[in-house]
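> Okay, here's the structure, questions in a sec.
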Amino acid sequence: MLASEFFALSLSVQVAIGAGYLGYVTAYAGFRRDHDATDAVFISLAFASIATLAFLLVEKFGPVAAFLTAFLASLICAGVWRRWGRRCWLWCMDKTGVHRDDGVHTTWSGIAQTDRRVGQVSVHTEDGRILYLNDRSKYHGAAWDGLYLGGDGSVVMVVEEEELPNGTEETRSGISDEHWGTRLTYIPASQIRRVNIRMK
Numbered sequence: 001m002l003a004s005e006f007f008a009l010s011l012s013v014q015v016a017i018g019a020g021y022l023g024y025v026t027a028y029a030g031f032r033r034d035h036d037a038t039d040a041v042f043i044s045l046a047f048a049s050i051a052t053l054a055f056l057l058v059e060k061f062g063p064v065a066a067f068l069t070a071f072l073a074s075l076i077c078a079g080v081w082r083r084w085g086r087r088c089w090l091w092c093m094d095k096t097g098v099h100r101d102d103g104v105h106t107t108w109s110g111i112a113q114t115d116r117r118v119g120q121v122s123v124h125t126e127d128g129r130i131l132y133l134n135d136r137s138k139y140h141g142a143a144w145d146g147l148y149l150g151g152d153g154s155v156v157m158v159v160e161e162e163e164l165p166n167g168t169e170e171t172r173s174g175i176s177d178e179h180w181g182t183r184l185t186y187i188p189a190s191q192i193r194r195v196n197i198r199m200k
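The UniProt record's numbering applies: residue 1 is where the sequence shown begins, and numbers increase by one.
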């Protein structure tokens, strides 16, 4: 759709499209990599219908109120779906024997998006090194609490210890600095052979 065509639409339709897509992005953040255009369109339409209903209910109070209410309704529904609704739906499908598919097609996406807490991580690299984050709780409040699992398979982490290919172990010091922050290490997916994670 061209910009000129979009702005020729009624305000309610423009709001529905924008709020619907924003709802989709919010509800499926981190899970969209495996979605195709059909998934994006129809999930966006689900949130767009909520935005449209909200817009129509509040339209009598003016376009600004209707606009804000529509976006807010879509975002709230997306947040509720992401936090509780999706999990509840999948639980119901599993318990009733309909299916056990959660729509996540890669294990790494499931790990990266879990709401469980990660306590320890070790990353084995292609060149034989092993990088350890032994106590993530020490870095609460630091960037990403000391660990970020990228959607592309990369890892950003605090490295407390490193085991070299010859078996030598090195303990890192000066990881946290009051003025400069916390030192993190980026490991590209292409350099990772294995990742061990402890979760609660």
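In this text, a Cβ means the ideal position worked out from N, Cα and C, and glycines have one as well.
In this text, all values refer to a predicted model and were calculated from it rather than measured experimentally.
Over the uninterrupted alpha helix (DSSP H) stretch that includes arginine 86, give me the two end residues.
First-last of the alpha helix (DSSP H) with arginine 86: 86–95.
> How would you label residue 204, buried or exposed, when you count the other beta carbons within 10 angstroms and need 16 or more for buried?
With the chain covering 1 to 200 only, the question about residue 204 has no answer from this structure.
> Is the separation between the beta-carbon of valine 158 and that of leucine 131 shorter than 7 Å?
Their beta carbons are not under 7 Å apart, which means valine 158 does not touch leucine 131 by this criterion.
> Excluding the 5 residues flanking aspartate 145 on each side, which residues of the same chain have their C-beta closer than 7 Å to its C-beta?
Excluding sequence neighbours, aspartate 145 sits near Arg136 and Tyr139.
> Could you tell me how far apart the beta carbons of aspartate 94 and arginine 100 are, in whole angstroms, since I believe they sit closer than 8 Å?
Confirmed, Cβ separation roughly 5 Å.
> First and last residue of the alpha helix (DSSP H) that includes glutamate 5?
3–8 is the extent of the alpha helix (DSSP H) around glutamate 5.
> Going by DSSP, what residue range makes up the beta strand (DSSP E) through threonine 185?
Looking at the DSSP string, the run of the beta strand (DSSP E) that includes threonine 185 is 185–187.
> Assign serine 190 to one of three DSSP states: helix, strand, or coil.
The answer is helix: DSSP assigns serine 190 an H, G or I state.
> When you compare only the Cα positions, how much space is there between residue 201 and proline 165?
Missing from the structure shown is residue 201; the chain here goes from 1 to 200 and no further.
> With H, G and I counted as helix, E and B as strand and the rest as coil, what does DSSP make of serine 122?
In this structure, serine 122 counts as strand in the three-state DSSP scheme.
> Can you give me the Cβ contacts of leucine 149 inside the same chain, cut-off strictly under 7 Å, excluding the 5 residues immediately before and after it?
Taken in chain order, the residues that qualify are Ile111, Ala112 and Val155.
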